[in-house]
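Asks: In the working numbering, the protein residues as written are 30 to 503.
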């Protein structure tokens, strides 16, 4: 009986890899088509380089900041240089215990000010408002600590624009990023309710006065492995799901929403570990319950550069938190799973996130042990074991390399030929240890979700942007 169960588990593992890799292949094909189409529109001028102020809706850029003194001033300077006709920047200091607020006051000459504050969404107490005489587009809100979701809700309450864009405090946007993120909304304002851009790692690159002045690959292997991972995840994972209007995750690092729709859905949920995914899933539910036609889009060329963890301890905290949030979001909306009333969201998007993204790492880790032990004990033959290795390792190498090549054929954010070869090399290397380590941490998160009530936010410390060599010497 036990041997039969072990044998069937082996077949289950292999079936999982066939299904997951088949879906990944479809997403890669869909993403390639939509990216090439997007590039052709750019090349033949169907996208202008600017938007006329008469048709550009105002945007509120909201930055939730908690203990971000290392990067906050540079991030705000980056936002102030955005190429967009009409926008405001709202920085919400979430009760920081470091010099985040002081850095903003000193860096932008902020003065205490009175602002009419309407609490459309309930939040923690707001202590005060600051504005800059030299930069009227900047508003800083100081509030009691309540978490990122609570801070974003404060920003929504303060905002005056019909659209808001959430940006992490440790990020730098390219000057055209806001413009590009708004494009799909301008083309179909009644249809597109939210858009998300691509996130790249600033590790190894230099930032000066809020501007990315020198794009380079990181020098350390851990950051390079993350670069490849981000390229694969965004460039064909989210791009492919966006084509199917099945996107459940648009990164809270850089995403745009129609404010009235978010308000109608109740704003950000403060009890969730990953508030960005939960909001997107809730928007799908809200809009489908209203039987409203809509789209939530991924846009492949607006770039947000963010700092990634540079040591294993911080990386572990980040990935366990993300996976814990994925589990919580799926569990919160489990009534939508396999529910035909929610169309492709209930029948494909949520089941995909549950089986492939959430439980996949658990199956993968168990598969390495069980299939290897089964081969050693003679329960499965050599052909089965080789097929398992092909599905578990070699095909994932193909997807990583394909993502890097798609990046190099399209946007080429790392233009040096040496960089291309480095990324291709790490596209291979990430499947020998790094991927398995991430799967192990994600398995820990799944077990923690089901076996423990402790689901606290794990804080990831950042070191700050790298400066150009001349600035560093001064």
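Don't be surprised by glycine CBs; every beta carbon is placed ideally from N, CA and C.
How far does the alpha helix (DSSP H) with residue 168 in it extend, from its first residue to its last?
Replies: For this step, residue 168 is matched to residue 139 along the chain shown. Here residue 168 belongs to no alpha helix (DSSP H); instead the beta strand (DSSP E) covers 167-172.
Asks: Over the uninterrupted alpha helix (DSSP H) stretch that includes residue 448, give me the two end residues.
Replies: Along the chain shown, one-based indexing puts residue 448 at 419. Run containing residue 448: 446-458, per the alpha helix (DSSP H) assignment.
Asks: Mind checking which residues open and close the beta strand (DSSP E) that includes residue 91?
Replies: Here residue 91 refers to the residue found at position 62 of the chain shown. Run containing residue 91: 88-94, per the beta strand (DSSP E) assignment.
Asks: Quick one: is residue 33 buried, meaning 16 or more other Cβ sit within 10 Å of its Cβ, or exposed?
Replies: Taking the chain shown and counting its residues from 1, one reaches residue 33 at position 4. Under this definition residue 33 is an exposed residue.
Asks: Given residue 368, which residues of its chain have a CB within under 6 Å of its CB, disregarding the five upstream and five downstream residues?
Replies: The residue given as residue 368 occupies position 339 in the chain shown. If we look at residue 368 and ignore the five residues flanking it on each side, its Cβ neighbours are 375.
Asks: Please give me, in chain order, every unbroken run of the beta strand (DSSP E) with length at least 3 that falls completely inside the region 294-368.
Replies: Fully enclosed beta strand (DSSP E) runs of 3 or longer: 324-335.
Asks: Could you compute how far the alpha carbon of residue 292 sits from the alpha carbon of residue 300?
Replies: Your numbering for residue 292 matches position 263 in the chain shown. Your numbering for residue 300 matches position 271 in the chain shown. Approximately 17 Å between the Cα atoms of the pair.
Asks: In its own chain, which residues sit with a C-beta less than 7 Å from the C-beta of residue 306, not counting the 5 before and 5 after it?
Replies: In the chain shown, counting from the first residue as 1, residue 306 sits at position 277. Taken in chain order, the residues that qualify are 277, 278, 354, 355, 358.
Asks: Assuming residue 89 and residue 119 make a contact with CB atoms under 8 Å, what is their CB distance in whole Å?
Replies: Here the question's residue 89 lines up with position 60 in the chain shown. Here the question's residue 119 lines up with position 90 in the chain shown. That pair is a contact at about 6 Å.
Asks: For residue 19, collect the residues of the same chain with a Cβ closer than 6 Å to its Cβ; drop the 5 residues on either side in sequence, then sort them by chain order.
Replies: The first residue shown for the chain is 30 and the last is 503, placing residue 19 beyond what the model contains.
Asks: Assuming residue 435 contacts residue 265 (C-beta within less than 8 Å), just tell me the rounded distance between them.
Replies: Translated into positions along the chain shown, residue 435 becomes position 406. Translated into positions along the chain shown, residue 265 becomes position 236. Correct: roughly 6 Å between the Cβ atoms.
Asks: Taking Cβ positions, are residue 378 and residue 271 nearer each other than 7 Å?
Replies: The residue given as residue 378 occupies position 349 in the chain shown. The residue given as residue 271 occupies position 242 in the chain shown. No. Outside cutoff.
Asks: Skipping 5 residues on each side, what residues in its chain have a beta carbon closer than 7 Å to that of residue 259?
Replies: By 1-based counting over the chain shown, the position of residue 259 is 230. Result list for residue 259: 228, 229, 230, in chain order.
Asks: What three-state label does DSSP hand residue 197 in the structure shown?
Replies: As a first step, residue 197 is located in the chain shown; it is residue number 168 there, counting from the start. DSSP places residue 197 in strand when its eight states are reduced to three.
Asks: Return helix, strand or coil for residue 228, following the three-state DSSP convention.
Replies: The sequence position of residue 228 within the chain shown is 199, counting from 1. Strand at residue 228.
Asks: Could you check whether residue 199 and residue 303 sit closer than 7 Å to each other, using their CB atoms as the reference points?
Replies: As a first step, residue 303 must be located in the chain shown, where it is residue number 274. As a first step, residue 199 must be located in the chain shown, where it is residue number 170. No, Cβ-Cβ distance for residue 303 and residue 199 is not below 7 Å.
Asks: Relative to the C-alpha of residue 108, which residue among 40, 91, 386, 244 is closest?
Replies: As a first step, residue 108 must be located in the chain shown, where it is residue number 79. For the residues 40, 91, 386, 244, the minimum Cα distance to residue 108 belongs to 91.
Asks: For the region 121-136 against the region 211-219, are there 3 or more C-beta pairs whose distance is under 8 Å?
Replies: Touching, no.
Asks: Do you know whose CA, among 153, 157, 117, lies nearest residue 164's CA?
Replies: Taking the chain shown and counting its residues from 1, the one referred to as residue 164 is at position 135. Comparing Cα positions, the closest option is 117.
Asks: What is the DSSP secondary structure of residue 372, counted as helix, strand or coil?
Replies: As a position in the chain shown, residue 372 is number 343, starting the count at 1. Three-state DSSP puts residue 372 in a helix.
Asks: I need the straight-line Cα distance from residue 106 to residue 99, nearest angstrom please.
Replies: Here residue 106 is taken as the residue at index 77 of the chain shown, counted from 1. Here residue 99 is taken as the residue at index 70 of the chain shown, counted from 1. Computed Cα separation, rounded: 13 Å.
Asks: Taking one C-beta from the region 401-413 and one from the region 468-475 each time, how about it: are there three or more such pairs within less than 8 Å?
Replies: No: the two stretches stay apart, fewer than three of their Cβ pairs being nearer than 8 Å.
Asks: With C-beta atoms as the reference, is residue 101 less than 7 Å away from residue 223?
Replies: Taking the first residue of the chain shown as 1, we reach residue 101 at position 72. Taking the first residue of the chain shown as 1, we reach residue 223 at position 194. It is not a contact, given that the beta carbons lie outside the stated cut-off.
Asks: Which class does residue 148 belong to by DSSP, given the choice of helix, strand or coil?
Replies: The residue given as residue 148 occupies position 119 in the chain shown. Looking at residue 148 - three-state DSSP - the assignment turns out to be coil, as it is neither helix nor strand.
Asks: What are the start and end residues of the beta strand (DSSP E) that includes residue 287?
Replies: As a working mapping, residue 287 is identified with position 258 in the chain shown. Note, residue 287: beta strand (DSSP E), 283-287.
Asks: Considering only their Cβ atoms, is the gap separating residue 181 from residue 160 smaller than 7 Å?
Replies: Position 131 of the chain shown, counted from the first residue, corresponds to residue 160. Position 152 of the chain shown, counted from the first residue, corresponds to residue 181. Not closer than 7 Å, so no.
Asks: Tell whether a beta-carbon distance below 7 Å holds between residue 232 and residue 213.
Replies: As a first step, residue 232 is located in the chain shown; it is residue number 203 there, counting from the start. As a first step, residue 213 is located in the chain shown; it is residue number 184 there, counting from the start. Not a contact, by the Cβ cut-off of 7 Å.
Asks: Under 8 Å by Cβ, that's how I've got residue 261 and residue 428 pegged, so tell me the actual separation to the nearest angstrom.
Replies: Position 232 of the chain shown, counting from 1, holds the residue named residue 261. Position 399 of the chain shown, counting from 1, holds the residue named residue 428. Right, the Cβ-Cβ distance comes to about 6 Å (below 8 Å), so this counts as a contact.
Asks: Nearest to residue 155 by CA position, among 166, 142, 149, 170, is which residue?
Replies: Taking the chain shown and counting its residues from 1, one reaches residue 155 at position 126. Considering only alpha carbons, the answer is 170.
Asks: Starting from residue 134, trace the alpha helix (DSSP H) in both directions and tell me its first and last residue.
Replies: What you label residue 134 is simply residue 105 of the chain shown in a count that begins at 1. Looking at the DSSP string, the run of the alpha helix (DSSP H) that includes residue 134 is 129-137.
Asks: Mapping the DSSP letters down to three states, classify residue 501 as helix, strand or coil.
Replies: Counted from its first residue, the chain shown places residue 501 at position 472. Note that residue 501 scores a pLDDT of 45, beneath 50, so its modelled location is shaky; the value from the coordinates is reported in the next line. Note: residue 501 maps to helix in three-state DSSP.
Asks: Taking 7 Å as the cut-off, decide whether the C-beta atoms of residue 255 and residue 337 are in contact.
Replies: The residue labelled residue 255 in the question sits at position 226 within the chain shown. The residue labelled residue 337 in the question sits at position 308 within the chain shown. Contact flag set, yes.
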